[in-house]
Amino acid sequence: MLAAISSATLTGAVGHPVSVEVHVSNGLPGFTIVGLPDAAVRESRDRVRAALLSSGLSWPLRRVTVNLAPSGVRKGGAGLDLAVAVGVLVATGELPARCTEGLAFCGELGLNGSLRHVPGMIALADATTPMGMVVPLCDAREASLVRGGDAHGVSSLAELARILRHQDEWPPIPPAGPSPVLPDPPDLCDVRGQSVGRHAIEVAAAGHHHLLMVGPPGSGKTMLAERLPGLLPPLTPEESLAVTRVHSAAGCALPEGVLVTRAPIRAPHHRASVVALVGGGNWSLRPGEISLASHGVLFLDEMGEFPVAALEALRQPLEEGVIRVSRSGGTVTFPAQFLMVAAMNPCPCGEGMYEGKCECSVVERARYTRRLSAPLLDRFDLVVPLSRPDSDQLLDPAPGESTAASAARVAAARSRAAARSEDPPMHPDGVRLLAERLRTGELTARGLRKVSQVARTVADLLGDEQVDGGHVADALTLRKARKTVAP
Amino acid sequence: MNDERSVLPEEAYAAALASVPRIGPAALRELLATEPPSVAWSRSSFTLDVARIWRRHQEAGIGVCWKGSPLYPDRLVDDPEAPAVLFWLGDPTVANRYPTVALVGTRSPTRYGIGVAAQFGADLAATGLSVVSGLALGIDAAAHEGATAAGAPPIAVVAGGLENPYPRRHARLWARVAEHGAVYSESPAGVPTEKWRFPVRNRLLASLSDVVVVVESRQNGGSMYTAVAALDRGIPVGAVPGSIRSSTSAGTNRLLAEGGIPICEVGDIVMALGLRGVSVAAPPRREVAEYDGPDRALFDALSAEPASLDQLVRRTGLGLAALCGGLERLASAGAARDIGGWWERT
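Chains Y and X, in that order, give the protein sequences.
Here our numbering is used: the first residue of the first sequence is 1, the next is one more, and so on.
Here our numbering is used: the first residue of the second sequence is 1, the next is one more, and so on.
Quick look at the structure:
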């Protein structure tokens, strides 16, 4: 009495095919699961038994052994419940073996036999290709993103048994799953004044320049950062799928229509651990905040308060665009192509810019900025000083420029940059200005490259073909706060 | 023992006496009041290795003088609390050759204080006055940064031994002051910078100066010790006025309220020196930064008070790109500078 049912399990954001073998034999009634199950999988014994019984199906009063193959891979989560239940039904002869051929089963069972949501459905669906796939109804839309018509959703074990016995049809996939409605992203028209800040996030969005904002509390750093994703173009279909895959694997709420189409923003708290930022944990290897921010914005508010180790861990993914997380249980690679936006005060009390108000000693200031190592600071193309808006600006009833207008300029600049095959040479004015700043030591060789790149983006935003002195001056201005925060 | 004495100079014994942990400044003064250091040493029962102490000072380039030796600064001779043994780096005759002005202040100054200290430091040196300061963080460093550029040699008075610069981050400034002028200390080589040595240092700093100017100080700041020590010696004390709302100016404003000389420009310091009978040439007139060029309107919008870019956008009505271009041109012309993104006239 043997059954082999296909299923899949998740490691990081990647699915692995799993074959669930169920053997029912004479002997003392009992239930054993082998093949590196984690606690949630081991507990499936009780869920499966209760689900079968409450669905009007029978539980064998015999010896049941479940093997999860390949036995070398750790299996976690409750997603294997459905496969175990179907395996038991096939092994006891309740279901004919051929009706499960060419199908993979993923889903968590409730005690009443209902099927529940499993995270990481896109990755699981990838792993079970090219078989048909049976998933909880609420995950059917997500699975169908990669599997199309091969994905079937069912709402309960009893329903599934009827369908497999050809007593019923697969139910249609619901138009949009029961998902939380995400609020609209905030709009730039709420921002008063801040011509420099607005310009900075536009340049960051247009040229994918990492941005560090330095300013006292109340200067609008957080407001600006929250509005930056709105300036980024909508995700391409491939990006969208990649983002959804990671978000789904991490168990994040997916938007209506399941696919994440807007650039995401993640704002981890400054007490976040290294693991929370870059991913990992125990052998289940969850994606971290930087992977969830991939193709979007990673916003580090109060950057000066983050643990040094967490900040330093960002350097490698910033360079490579991926993060490899290695644990004893294995190594996984997560995407990490994020736009880093950080905000910090000029000093611990935050008033450093204002004459006579700062109470911090030289030592306190030095300790505050020492957290940003020079190599990390070098990753920021834009280090922008911000100041508080005046009261008359704050009370100005006229709304500021909207996100839409700003996003249109960003889109135009991006397409201009993409269409250009090679950069025209810089105007002599710009070259002269750069040469002078190099001579005075304000710019280093690395800084020169960054300023040139930012100047190019500024020119693209203004629709100018050639980079001239004004663009270079603009780019120099956008890194003036380096002096304030350099260790 | 006799052989050694014939080889080692008097300075070696002065350094050795100062290195005995049990002898405080007063006891040392008493020991050396009547006898040269070698005699005082031979009559004592200290067991330190004089040759080794002397070698250590020589290797670090540290000079030693004691009250009565030719290199001892003239202005300390009549001081009742003058150090009996003094260590120095650089040229010890500086203090005899130039009028001296102490520029001291808090270790956590505002930009206002740093700006004033640097400007006064540079202008005083250019006028031919030696700037005396403590090489501490903040005002002290700013004053010497300004003073080492050109002009009269700078003088520093530090608390710890001269072997190891303190604070570490001022090692280069320390070396520059020693190269152009002199660094003094009461502590022999190897003595760490302990807290109690700072008031002692401040007293020495005051007595080496013709006038003491406190640039910025909190109500209970260490510079207030310097001011009190100066007043005890009849040395005039000036203070730079500051905002009544700034805690870093509370000490200086208090000094002014109690009769300190208000110092609003270098000329005020020169005047104070003149009243003391020290004659100096008039200070160079500080050119008011003038600029006449294509960015005149933008230059007019700038002032000595730093302004943020947003403020400048509103003042000038220029677009951000035009504004940045203009500011960088002004910076290139030397008419404006930025402080971490805030702009002011030079």
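From the three backbone atoms N, C-alpha and C, an ideal C-beta is built for every residue, glycine too.
None of the values given here were measured: they were computed from a predicted structure.
Close Cβ partners of residue i (< 8 Å) along its chain, the five nearest in sequence each way excluded
i: Glu305 of chain X; result: Glu344
i: Asp300 of chain X; result: none
i: Gly317 of chain X; result: none
i: Phe306 of chain Y; result: His270, Ala272, Leu300, Arg371
i: Arg416 of chain Y; result: Asp460, Gly463
Euclidean distance between Cα positions of residue i and residue j
i: Trp59 of chain Y; j: Ser326 of chain Y; result: 41 Å
i: Ala118 of chain X; j: Leu76 of chain X; result: 27 Å
i: Gly318 of chain Y; j: Glu312 of chain Y; result: The identity of residue 318 of chain Y in the sequence shown is Leu, whereas the question assumes Gly. About 10 Å.
i: Val94 of chain X; j: Ser303 of chain X; result: 38 Å
i: Val135 of chain Y; j: Arg227 of chain Y; result: 37 Å
i: Ala225 of chain Y; j: Glu351 of chain Y; result: 20 Å
i: Thr346 of chain X; j: Asp292 of chain X; result: 14 Å
i: Asn2 of chain X; j: Leu8 of chain X; result: Confidence at Asn2 of chain X is low in this model, with a pLDDT of 47, below 50, so the placement of that residue should be treated as unreliable; the coordinate-derived value is given next. Cα to Cα, the separation comes out at about 10 Å.
i: Gly251 of chain Y; j: Val313 of chain X; result: 46 Å
i: Gly296 of chain Y; j: Leu212 of chain Y; result: 16 Å
i: Leu256 of chain X; j: Leu377 of chain Y; result: 44 Å
i: Leu28 of chain Y; j: Met1 of chain Y; result: 16 Å
i: Val166 of chain Y; j: Gly113 of chain Y; result: With the sequence shown as reference, residue 166 of chain Y is identified as His, and Val is not the correct amino acid for it. C-alpha separation (whole angstroms): 19 Å.
i: Leu231 of chain X; j: Gly260 of chain X; result: 10 Å
i: Ser332 of chain X; j: Gly161 of chain X; result: 43 Å
i: Ala159 of chain X; j: Thr106 of chain X; result: 16 Å
i: Val64 of chain X; j: Ala14 of chain X; result: 7 Å
i: Pro171 of chain Y; j: Val154 of chain Y; result: 7 Å
i: Asn202 of chain X; j: Arg365 of chain Y; result: 25 Å
i: Glu465 of chain Y; j: Glu290 of chain X; result: 36 Å
i: Ile155 of chain X; j: Lys480 of chain Y; result: 34 Å
i: Ile235 of chain X; j: Arg176 of chain X; result: 28 Å
i: Ser223 of chain X; j: Pro99 of chain X; result: 20 Å
Chain X contact for residue i (CB, 8 Å cutoff)
i: Ser387 of chain Y; result: yes
i: Lys480 of chain Y; result: yes
i: Cys360 of chain Y; result: yes
i: Thr261 of chain Y; result: no
i: Gln453 of chain Y; result: no
Test: residue i CB closer than 8 Å to a CB of chain Y
i: Gly317 of chain X; result: no
i: Leu255 of chain X; result: no
i: Val132 of chain X; result: no
i: Cys65 of chain X; result: no
i: Glu328 of chain X; result: yes
i: Cys264 of chain X; result: no
i: Trp54 of chain X; result: no
i: Arg345 of chain X; result: no
i: Gly340 of chain X; result: yes
i: Val158 of chain X; result: no
Bridge-paired residues (DSSP) for residue i
i: Lys75 of chain Y; result: Y:Pro37
i: His199 of chain Y; result: Answer by DSSP bridge pairing: none, since His199 of chain Y is not bridged.
i: Leu115 of chain Y; result: Y:Leu109
i: Ala127 of chain Y; result: According to DSSP, Ala127 of chain Y bridges with nothing at all.
i: Met133 of chain Y; result: Y:Ala104, Y:Ala151
i: Ala3 of chain Y; result: Y:Val22
i: Asp423 of chain Y; result: Asp423 of chain Y pairs with nothing; no bridge assigned.
i: Pro385 of chain Y; result: Y:Val214
i: His16 of chain Y; result: Y:Thr9
i: Ala182 of chain X; result: X:Gly90, X:Ile155
i: Met344 of chain Y; result: Y:Val214
i: Glu344 of chain X; result: X:Arg337
Close beta carbons around residue i, own chain, < 6 Å, minus the five adjacent residues each side
i: Ala22 of chain Y; result: One detail in the question is off: residue 22 of chain Y reads as Val in this sequence, not Ala. For Val22 of chain Y, where only same-chain residues beyond five positions count, the Cβ hits under 6 Å are Ala3, Val66, Gly87, Val88, Ala91.
i: Asp468 of chain Y; result: His427, Asp429, Gly430
i: Val85 of chain X; result: Ala14, Ala18, Trp66
Close-in-space but distant-in-sequence residues of the same chain around residue i (CB under 7 Å, 5 per side omitted)
i: Tyr368 of chain Y; result: Gly304, Cys347, Pro348
i: Ser19 of chain X; result: Leu48, Ile53, Pro188
i: Leu292 of chain Y; result: Val246, His247, Ala250, Cys252, Pro264, Arg266
i: Lys221 of chain Y; result: Met213, Gly215, Ala343, Leu386
Output needed in chain order: residues of the stretch 93 to 123 of chain X with a Cβ under 8 Å from some Cβ in chain Y.
Arg107, Ser108, Thr110, Arg111, Tyr112
Which residues, in order along the stretch 219 to 240 of chain Y, keep a beta-carbon less than 9 Å from a beta-carbon of chain X?
none
If the cut-off is 9 Å on Cβ atoms, which residues from the stretch 32 to 63 of chain Y count as contacting chain X, listed in chain order?
none
Beta carbons nearer than 9 Å to chain X: which residues of the stretch 462 to 478 of chain Y have them?
Leu462, Asp468, Gly469, Gly470, His471, Val472, Ala473, Asp474, Ala475, Leu476, Thr477, Leu478
What are the residues in the stretch 264 to 281 of chain Y lying within 8 Å of chain X by C-beta distance?
none
Between the stretch 186 to 210 of chain Y and chain X, which residues of the former have a C-beta closer than 7 Å to a C-beta of the latter?
Within the stretch 186 to 210 of chain Y, those residues whose Cβ lies closer than 7 Å to any Cβ of chain X are, in chain order, Gly193, Gln194, Ser195, Val196, His199.
Between the stretch 425 to 444 of chain Y and chain X, which residues of the former have CB atoms less than 7 Å from a CB of the latter, in chain order?
Of all residues in the stretch 425 to 444 of chain Y, Leu433, Glu436 have a Cβ within less than 7 Å of some Cβ in chain X.
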